[in-house]
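Heads up: the structure comes next, in structure tokens.
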């Protein structure tokens, strides 16, 4: 028996994990890519719970950085960055439900070198920004292109890093806002959290009728914090299975793998993201795993794990997790 | 000669401070009030630079809290709070321009007690919130109604506070986002900054064609920080004069009175809001007042002033100011 | 009747505001100046409640920056900066008491130009520091000397700023720690708060037998936040009157003038300093002024005032105050 | 060949990893345990580089919490918590050197249940504290005792967690300060970082002659962030080998295992701790591993790892690490 059958999706999803129809969102199908998570555009696709979607995603720069000579300040046109596929309307989804998105696979596409990272002026975790505003001069702008295949990320002649892909930006539409795809929040978005990877099911609190799933911004890999602000950005074919859970109310993004459950928080300062994540994890332990609050608080103290997703986006994203082996 | 003639609006505005036509946005004219700053709705009014607009604003609760028995958790329907008048389209405004909004007057309207404040669960500067998430139990919910006239705010039998009204939420539309009217940002919005008051001209960086001015959320008065999250909220007739400045590029909100110039920053943590505000003030001193950067930095160190607007909204807002008498 | 008689010092001090003996701590009396707030050195002086002390303070650089050519990185020897007079032992003071320090006067001393400010590499509110660590290159180091008299601070040929002196660093010894005089905390220290000025009485929670009062780091004036980290640093004759209050337990620094009461918080991030200050102000209103907690929270929301002392020291310092006219 | 020979300690230590004399600091030898990291007490022991020290540590409560009925608020006497063994004087150590401390073993001692955790009022990562000051009522105080052996931590009848011990508080004396053992900083102290464990060598920047090594506060295990503020606190026999490295200047704590190198940052807000750690890691990669700054920044972005040590102490502690396999 696959762990999927015992997952929240498998046990409580409308489709109970059974795969439905498969859809492909090619570049042609998508047409105009989206730069916001919001309800003000028509869905590119309508699906049913259980359906599988393969989306042809662009990289975060919309493919504009083809060589190391294509400087971001020259080729990017803010705020038109981080293009997204979608929205995908999910039949039956209503505010208060949970959308389950199982990441099936992420395969790089397009010409090599497929991977891009960059030092962008006034952007990143170790430089002054428009928000952490300082008088110091910015670093020199710089682009690094990398060959990325499922065999590895060729960081340099000397270093090849494992291909550990994940989805940087994924989520559902807010109820009435239309928010930049650069921002993470309780509905998902630009979380840049490496656990949103093949092998995981991500749960989003539906805010708007039909959920309106957006997805994009795949990364060939990333260190904790996405330090300079730009991971190994790749165009990819991202394949997900979508299910819908009725009667499960969650305040923000949750995630599940075969080995652990995780609550996600996005906020500034960083300790607030950690607080959000851990408080939700405690409440989850209380509601579903038979702990009282103090015991759950103690267990997180002694066995909780924290992953720093990003420390560069408008809100920082952290995940707090607990091994399933401890709470069975 | 009025100081208005020497203001940025008076010297550089398309209308040079001359008053044009007067418009009134009554409740009937407004029809549906707005809960977002964004470009996705039709303007309620089109005006020309120099025109005056008198808007009949609702209080932040849309008038739903009529007595101290009307608890927020009962009568409010999130996210439909902080209703705004507008958008007002300003002819000729384009991305890169500056919209000048001179606050002429704020007069309470509606039945007494017109003023409302409240302790709302998990909201405020001295309580755990969904963001600064904690396990402590929330405070008891509580509403306080106050009689508010231009003569004063009757806080209690013992205390009458001066009527020092200002506009809590004011700004222009983002370029492609539609952002909750609860949020402040570089385009304005829910800054809750007491200097946005009669006697001030506020400058906003236009992001979208016709600017799309929104306004609402008048306060009879407020302490620094808007500590519990709810000022003396009043419905009001808010009268502003609008002008348009071409060829002035500003990165965020600026403000001017007869006595000082101010740059505004909105961010978390609070020091980032202070950094944003002060950096912009320094750049303003350099560009317009003949200082080099080091001298401007020194002058702000020795004579800068900081006003804490709010420490409760999704971003905290601070203003950094310099007396004009020092920089003439 | 002077307001002093109605102050906490006047009403509850052991000396009830009556002036006792006058002491002078000249450079010769002080001998070795101190770089820590702690109990591990012998007092330079023993006094009784009511006594007046005139201390000959050094500037924060110990006078090492005599000209604009004396760069901090050359002439300073960390951690031997911010020299303090003291400790002064106060007879009868015990842990749990309050030490009242009334600032009587601050007069510049020494040769002109007596005032110094500077851009010090990796120090200040708008630059990367060892703590807010970044990869940006530091600003150029720079010193500015200013003539400072009680008539004004000659900032430049063009600008003379008012002489508004205050004490940058003032407080009592921690119980068992010896903490750098660069740091502010609940016992006082390097608060850099402009309200610690002639006309104010500052209250410190005694931690150690005899209190061990330290003082130094006078400023000719300063803007809110002490932005570049260096105010108008001056050597001065600082005259204070000291009293002792038994039976008053306070968790941190409080302050009183004729017009207002203030609670002080020192913490990072800045919102935590604001929370500390405002929470203590609310508790003070509850314990001494007849408010219940919700009313005090409401009053601070509508009429509280925040002063940003510093945004540059190891902890940021803010003061939250309430006008006495509202709470009589 | 052991990896120790290729470690910084093995290659550059005065003793080159060779073990010298073994010393034992029993409770009798220690006599008075210490509550501060500072130079104002006499060393309990003098050793030479290469020597091994076995210290009989107390738990963070000095053993005062013997049963679940011993509430912290009753049995603790602030600031006398987190007792430390030491200081140990290391011959030849001078300011500017590096002290290498290899953790050899941590064995629980004393009667069972040896492990203690607790909910202490106004302390912890998910509650209001004196610093993140709020008006919410504190949680109920609570103690949990656990049997701890090298076989495991008996969290409850249902859950036994792996024994993964580490040293919570370890470091050298500041130069002139004496700082509470509750605080972490660039010299070490209460970092509560689970990587400070058997198998690691920790490097501290010496500030004072003879280094003055302090150690204590062993934990049977801990989750990331030490969420409630109290790990599995145990009394233990902690055995370390100490070496001294001349000619290596480091700005803060660094750490090495067979698999990775790590830089440690302690600061608030949490992002500043992450910035400190990552900036130092980048500088380390540049100075010792042949990267230029941009390449090191890129590598940390794609392959850096962050461990959240504590989010509860006066400063939060994070470690940023890089696998040695990537940088050989």
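Protein chains in written order, with our numbering: chain X, 80 to 407; chain S, 80 to 407; chain D, 80 to 407; chain V, 80 to 407.
Cβ coordinates follow ideal geometry from the N, Cα and C atoms, glycine included.
Residue burial classification, residue i (beta-carbon count within 10 angstroms, cutoff 16)
i: residue 326 of chain V; result: exposed
i: residue 389 of chain V; result: buried
i: residue 219 of chain X; result: exposed
i: residue 175 of chain X; result: exposed
i: residue 109 of chain S; result: buried
i: residue 146 of chain X; result: exposed
i: residue 301 of chain S; result: buried
i: residue 153 of chain S; result: exposed
i: residue 252 of chain V; result: buried
i: residue 354 of chain D; result: buried
Residues near residue i by beta carbon distance below 8 angstroms, same chain, minus five either side
i: residue 201 of chain S; result: 207, 208, 209 and 217
i: residue 338 of chain X; result: 402, 403 and 404
Contact test: residue i Cβ vs the ligand COA heavy atom, cutoff 8 angstroms
i: residue 255 of chain X; result: This structure lacks the ligand COA; in fact it carries no ligand of any kind.
Proximal residues to residue i (C-beta, below 7 angstroms), its chain only, five neighbours per side dropped
i: residue 304 of chain X; result: 204, 387, 389 and 390
i: residue 181 of chain X; result: 88, 280, 319 and 320
i: residue 393 of chain D; result: 261 and 262
i: residue 357 of chain X; result: 379, 383 and 399
i: residue 120 of chain S; result: 113 and 166
i: residue 240 of chain V; result: 231, 232, 234 and 300
Cut-off 6 angstroms between Cβ atoms - residues of its own chain near residue i, not counting five sequence neighbours on either side
i: residue 368 of chain V; result: 406
i: residue 229 of chain D; result: 242
i: residue 170 of chain D; result: 127
i: residue 134 of chain V; result: 104, 164, 294 and 317
i: residue 212 of chain X; result: none
i: residue 113 of chain S; result: 163
i: residue 270 of chain D; result: 263, 388 and 396
i: residue 159 of chain V; result: 114
i: residue 86 of chain V; result: 280 and 335
Exercise for the section: Report yes or no: do three or more beta-carbon pairs, one from the stretch 388-401 of chain V and one from the stretch 334-344 of chain V, lie closer than 8 angstroms? Expected result: yes
Practice task
Specify whether the stretch 380-389 of chain V and the stretch 306-313 of chain X touch according to this definition: at least 3 beta carbon pairs, one from each stretch, less than 8 angstroms apart.
Solution key: yes
Handout entry: Touching by the beta-carbon criterion (3+ pairs, under 8 angstroms), the stretch 187-203 of chain D and the stretch 366-374 of chain D
Key = no
Problem - Touch test, the stretch 261-276 of chain V against the stretch 285-303 of chain V, Cβ-Cβ under 8 angstroms, three pairs minimum - result: yes
Practice task
Check each residue of the stretch 309-339 of chain S: if its Cβ is closer than 9 angstroms to any Cβ of chain D, include it; give the result in chain order.
Solution key: 309, 310 and 311
Handout entry: chain V contacts from the stretch 146-166 of chain S (Cβ-Cβ distance under 8 angstroms)
Key = When C-beta distances to chain V are compared with 8 angstroms, every residue of the stretch 146-166 of chain S stays at or above that value.
Exercise for the section: Could you pull out every unbroken alpha helix (DSSP H) segment of at least 4 residues lying fully inside the stretch 293-360 of chain X, listed in chain order? Expected result: none
Handout entry: the stretch 249-276 of chain S: positions lying closer than 9 angstroms to chain D by Cβ
Key = Under the 9 angstroms Cβ criterion, the stretch 249-276 of chain S contributes no residue.
Problem - Contact list for the stretch 167-200 of chain D against chain S, Cβ threshold 7 angstroms - result: 196 and 198
Exercise for the section: Taking only runs that begin and end inside the stretch 137-211 of chain V, name each unbroken beta strand (DSSP E) of 3 or more residues, in chain order. Expected result: Runs of the beta strand (DSSP E) inside the stretch 137-211 of chain V: 163-169, 177-187 and 194-198.
Exercise for the section: Count the C-beta pairs between the stretch 270-277 of chain D and the stretch 155-170 of chain D that are closer than 8 angstroms, then say yes if the count reaches three, no if not. Expected result: no
Practice task
Below 9 angstroms between beta carbons is the criterion; list the residues of the stretch 211-243 of chain X that meet it against any residue of chain D, in chain order.
Solution key: Within the stretch 211-243 of chain X, contact with chain D at the beta-carbon level (separation under 9 angstroms) is assigned to 211, 212, 213, 214, 215, 216, 217 and 218.
Handout entry: Any alpha helix (DSSP H) of 4 or more consecutive residues that is wholly inside the stretch 246-277 of chain V
Key = none
Practice task
Check whether the stretch 338-351 of chain S touches the stretch 341-361 of chain D, counting contact only when three or more Cβ pairs, one atom from each stretch, lie closer than 8 angstroms.
Solution key: yes
Practice task
May I ask you to list, following chain order, the residues of the stretch 359-384 of chain S that have a beta carbon less than 8 angstroms from some beta carbon of chain D?
Solution key: 361, 373, 374, 376, 377, 378, 379, 380, 381, 382, 383 and 384
Practice task
Quick one: which residues of the stretch 117-149 of chain X get their C-beta closer than 8 angstroms to a C-beta of chain S? List them in chain order.
Solution key: 117 and 119
Exercise for the section: Closer than 8 angstroms, Cβ to Cβ, to anything on chain V: give me those residues from the stretch 344-359 of chain X, in chain order. Expected result: 347, 348, 349, 350, 353, 354, 357 and 358
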